[in-house]
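To start, the structure itself, in structure tokens.
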């Protein structure tokens with residue numbers, strides 16, 4: 026069974042540029058999460074989807090971050106414009122319902138210059 | 370949210386058992402104890418979880434103190450592939466619809482060949 030797929034794995038951009046990350050969850054998993062992980066820290070939840078509905082986006086900086094999950098499968102996380110402090114690893118995870126174990130992708134490492 | 374306290378780092382010899390402690394003195398009766406680990410350059414992966422009784426699976430064992438204020442993740446025979454950051458997380462099952470995984474900084478486990 027394929028795991029959570031994320032692309033790209035690495036992205037280097039200049040500040041003020043836009044960037045987008047893509048996630049394909051495990052087939053059948055209705056719950057999808059985006060996390061942010063700074064160096065030396067644990068992941069922090071940005072947004073959670075139940076199917077195509079964003080049910081917890083309280084930690085998403087909405088002035089520059091946006092996310093979508095069309096058709097309740099793949100998801101895209103966008104930053105526009107990127108700032109230096111956005112350099113981090115962006116992780117996507119999915120689960121079969123809120124209470125089941127989460128399966129994480131390998132993450133996208135973003136470097137903003 | 371109830372918090373957990375873990376040592377920043379631990380070392381263990383290869384092929385020996387490893388006991389990773391976690392303190393959670395403010396745990397509530399509805400908090401499940403979850404463990405995830407994160408190997409280098411990968412997303413976190415689920416290890417084990419429990420509520421009151423000790424739990425075993427193919428990866429590890431979880432020993433929960435009788436008062437539930439602490440727990441220990443046990444790797445029975447460490448290999449080099451077990452070198453990772455281990456996160457102990459409390460998940461409130463009573464907070465239905467808002468059950469987050471709140472990661473701390475975890476314990477960085479180093480395995481000595």
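Residue numbers (our numbering), protein chains in the order written: chain E, 26 to 138; chain F, 370 to 482.
Virtual Cβ for every residue (Gly too), placed ideally from N, Cα, C.
This one's a predicted model, so the numbers in the text were calculated from it and none came from an experiment.
In the DSSP assignment, find the beta strand (DSSP E) that holds residue i and state where it starts and stops.
i	result
residue 441 (chain F)	439-444
residue 379 (chain F)	378-382
residue 135 (chain E)	133-137
residue 474 (chain F)	Looking at the DSSP string, residue 474 (chain F) is not in any beta strand (DSSP E), and its letter there is neither H nor E.
residue 387 (chain F)	387-392
residue 49 (chain E)	44-49
residue 408 (chain F)	Unbroken run through residue 408 (chain F): none, as it is neither H nor E.
residue 435 (chain F)	Looking at the DSSP string, residue 435 (chain F) is not in any beta strand (DSSP E), and its letter there is neither H nor E.
Below 7 Å CB to CB, which residues in the same chain sit around residue i once its five sequence neighbours on both sides are set aside?
i	result
residue 120 (chain E)	54, 56, 126, 127 and 128
residue 33 (chain E)	133
residue 111 (chain E)	104, 135 and 137
Can you find the residues in the same chain that come closer than 6 Å, C-beta to C-beta, to residue i, ignoring five residues on each side of it along the sequence?
i	result
residue 454 (chain F)	407, 475 and 477
residue 45 (chain E)	101 and 103
residue 50 (chain E)	29, 57 and 119
residue 387 (chain F)	381, 444 and 447
State the DSSP-derived secondary structure class of residue i, mapped to helix, strand or coil.
i	result
residue 124 (chain E)	coil
residue 5 (chain E)	It is not possible to answer for residue 5 (chain E), since the shown part of chain E is limited to 26 through 138.
residue 99 (chain E)	coil
residue 450 (chain F)	helix
residue 81 (chain E)	strand
residue 419 (chain F)	strand
Residue i CB to nearest chain E CB: under 8 Å?
i	result
residue 421 (chain F)	no
residue 376 (chain F)	no
residue 390 (chain F)	no
residue 469 (chain F)	yes
residue 386 (chain F)	no
Taking residue i and residue j to be in contact with their CB atoms under 8 Å, please state how far apart those CB atoms are, rounded to whole angstroms.
i	j	result
residue 62 (chain E)	residue 27 (chain E)	About 22 Å separates the two Cβ atoms, so there is no contact after all.
residue 36 (chain E)	residue 123 (chain E)	At roughly 29 Å, the Cβ-Cβ gap does not stay under 8 Å, so residue 36 (chain E) and residue 123 (chain E) are not in contact.
residue 40 (chain E)	residue 107 (chain E)	6 Å
residue 423 (chain F)	residue 432 (chain F)	5 Å
Within its chain, find whatever has a CB closer than 8 Å to the CB of residue i; leave out the 5 residues flanking it on each side and keep chain order.
i	result
residue 97 (chain E)	55, 74, 76 and 77
residue 413 (chain F)	405, 406, 407, 456 and 472
residue 458 (chain F)	373, 402, 403, 404, 405, 470, 471, 472 and 473
Counting only beta-carbon separations shorter than 8 Å, does residue i have a partner in chain F?
i	result
residue 129 (chain E)	yes
residue 132 (chain E)	yes
residue 66 (chain E)	yes
residue 89 (chain E)	no
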